[in-house]
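Residues in the sequence shown are numbered from 1 upward in steps of one, following UniProt numbering.
Note sheet for the following structure.
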Amino acid sequence: MADGLIAIPAAASVSGIATCRPARLGLVGMHIVTKVTSGHGDKWIWSTFEHRANAPEAANAREINSLYAKDLFPGGCQSPQNTAAALLHDPDCPDCIPNAPHIGPALWAGKPPFAVSADGRPLQPAQITRCWKIFGPTRSTNSIWQAMLGTSPLANYMLISSQWRGANPDPIFPDGELPRYLTNTTMESFLQTDTSGTCLGCHATARTPEGAPADFTFLFR
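Below, the structure is given as structure tokens:
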């Protein structure tokens with residue numbers, strides 16, 4: 001946790017006035033990306049991390065190296081039963097639809113709850129659920145590092161997986177990504193059940209303001 005400032009543009013504020021608000025901030029997810037000179041590394045290697053208390057694993061979660069299918073989750077990605085509380089998941093809302101984005105504008109109010117609709121009604125928080133399993137060896141590695149980190153705040157985080165251009169693009173692997181499916185529940189929350197819902201699949205759409213490819217990063221917009 002750290003103190004910081006949140007810049008709120010006029011268009012995103014209930015008052016219609018731009019403001020800068022002090023806040024206590026916490027990190028819930030991040031990507032670490034790099035390029036290497038070997039293999040397909042010129043198209044980035046993507047490692048994605050999350051806070052380990054973000055969201056529970058779905059009752060019908062799949063392996064991230066699952067075979068391609070047009071409908072990855074028939075009936076949807078389902079919330080587990082009798083789960084503990086999580087940062088992005090309310091166990092006391094069994095009727096909440098998992099990973100359903102809010103439709104319409106979300107505006108910043110001057111007091112809690114800060115996210116409201118255009119007419120000032122509080123918004124229902126999204127019920128985030130992890131649709132893809134974390135590899136067993138990755139879980140073991142996370143446990144080893146968390147034990148070594150002890151009481152460090154870094155012990156609260158875990159690697160979800162790494163994705164790279166390990167294959168030539170084709171209809172099943174449109175960006176050559178391996179493993180085929182990988183999403184971060186904090187940044188790709190609503191893309192998890194999409195066939196293009198992968199780190200590389202999402203970032204491949206990045207473009208500059210002029211419309212040219214932005215080399216997999218949205219920072220160049």
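For glycine and all other residues, C-beta sits at the position ideal for the given N, C-alpha and C.
Quick caveat: nothing in here was measured; it's all calculated off a predicted structure.
Hey, residue i and residue j: beta-carbon distance below 7 Å or not?
i	j	result
residue 217	residue 204	no
residue 54	residue 185	yes
residue 192	residue 46	no
residue 98	residue 80	no
residue 63	residue 133	yes
With a CB to CB cut of under 7 Å and the five nearest residues on each side skipped, what residues in its chain are close to residue i?
i	result
residue 187	29
Would you kindly work out how many angstroms separate the C-alpha atoms of residue i and residue j, rounded to a whole number?
i	j	result
residue 189	residue 183	8 Å
residue 179	residue 87	27 Å
residue 126	residue 58	15 Å
residue 135	residue 142	11 Å
residue 102	residue 144	38 Å
residue 214	residue 129	30 Å
Mind checking residue i: buried by the 16 CB within 10 Å criterion, or exposed?
i	result
residue 220	For residue 220, the pLDDT reaches just 49, beneath the cut-off of 50, and the residue's location in the model is therefore unreliable, although a value from the coordinates is still provided. Residue 220 comes out exposed.
residue 168	exposed
residue 172	exposed
residue 198	buried
residue 131	buried
residue 200	buried
Less than 6 Å between C-beta atoms, sequence neighbours within five positions excluded: which residues of the same chain meet that for residue i?
i	result
residue 230	Coverage of the chain is limited to positions 1 through 221, which leaves residue 230 absent and any answer about it impossible.
residue 60	78
residue 49	30, 157, 159
When you measure from the CB of residue i to every non-hydrogen atom of the ligand NAD, does any distance come out below 6 Å?
i	result
residue 169	This structure lacks the ligand NAD; in fact it carries no ligand of any kind.
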